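Peer 1: All residue numbers for the sequence shown refer to my numbering, where the first residue is 6 and numbers rise by one.
Please read through the structure below; I'll follow up with questions.
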Amino acid sequence: MEFNFSGEKPLFQQVADQIAEGIFNGAYLEGEQIPSTTEISKSYQINPATVLKGMNLLVERQLIEKKRGIGMFVLPGAQERVRSVRKEEFLNKEVLEVVAEAKKLGITAEQLKQLIERGYDA
Numbered sequence: 006m007e008f009n010f011s012g013e014k015p016l017f018q019q020v021a022d023q024i025a026e027g028i029f030n031g032a033y034l035e036g037e038q039i040p041s042t043t044e045i046s047k048s049y050q051i052n053p054a055t056v057l058k059g060m061n062l063l064v065e066r067q068l069i070e071k072k073r074g075i076g077m078f079v080l081p082g083a084q085e086r087v088r089s090v091r092k093e094e095f096l097n098k099e100v101l102e103v104v105a106e107a108k109k110l111g112i113t114a115e116q117l118k119q120l121i122e123r124g125y126d127a
C-alpha cells in the first residue's frame with residue numbers, strides 16, 4: 006500500500022481505495038482476512054481512527070465484513086462488485102471523454118469504433 010499524505014484525497018479514502026484495489030487484483034481473496042486496523046496504522050503511521058473510517062466505507066459498500074473479536078474479512082462477490090463499480094467509472098469518465106473529443110474532431114461513431122479496435126489490437 007502507498008499513501009499520499011500531502012495529496013488532495015483524504016487518507017481514509019486512500020485506505021479504502023488501496024484495500025479495494027487489493028480485493029480487485031486478488032491480493033485479498035473472498036473469505037480471507039484483511040490486515041487489521043492496527044497493522045495498517047502501525048505499518049504506515051496512520052491514525053487508527055482514520056484507517057477504521059476507510060474500512061467502514063468498505064463495509065458500507067459490502068466489500069468487507071466485521072467479525073467481532075476476529076477481524077475484517079472480504080465478502081463473497083466483493084471482487085465482482087469492485088469490477089462493476091470500476092466499469093461504471095470507466096464509462097462515465099474515460100469513455101464519455103473520448104466520445105466528446107471524437108465529436109469535436111468530427112469522428113463518426115463508426116470511425117471511433119475502428120480507432121478503438123486498432124488501439125485494442127496494438
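Glycine included, each C-beta is placed from N, C-alpha and C at the ideal position.
As the structure is a prediction and not an experimental result, all values here were calculated from the model.
Using the three-state DSSP reduction, which class does Ile112 fall into: helix, strand or coil?
Peer 2: Three-state result, Ile112: coil.
Peer 1: Say whether chain C places a C-beta atom closer than 9 Å to the C-beta of Phe10.
Peer 2: No chain C is present in this structure, which holds just one protein chain.
Peer 1: Can you grab the Cα-Cα spacing for the pair Leu62 / Ala114, in whole Å?
Peer 2: Going from the Cα of Leu62 to the Cα of Ala114 covers about 38 Å.
Peer 1: To the nearest angstrom, how far is the alpha carbon of Leu34 from that of Arg66?
Peer 2: If you take the alpha carbons of Leu34 and Arg66, they lie about 16 Å apart.
Peer 1: Between which residues of its own chain and Ala107 is the CB-CB distance below 6 Å, once the five residues before and five after are set aside?
Peer 2: Correct list, in chain order: Leu117.
Peer 1: Just list the residues that DSSP pairs Ile69 with in beta bridges.
Peer 2: Per DSSP, Val79.
Peer 1: Using 9 Å as the threshold, is the C-beta distance between Leu96 and Leu80 below it?
Peer 2: No. Outside cutoff.
Peer 1: Beta-carbon separation of Val20 and Lys58 under 9 Å?
Peer 2: Yes. Within cutoff.
Peer 1: So, are the CB atoms of Leu2 and Phe29 less than 9 Å apart?
Peer 2: Past the boundaries of the shown model lies residue 2; the chain is included only from 6 to 127, so the question cannot be answered.
Peer 1: Buried or exposed, going by whether 16 or more other CB atoms sit within 10 Å of the CB of Ala54?
Peer 2: Per the 10 Å Cβ criterion, exposed.
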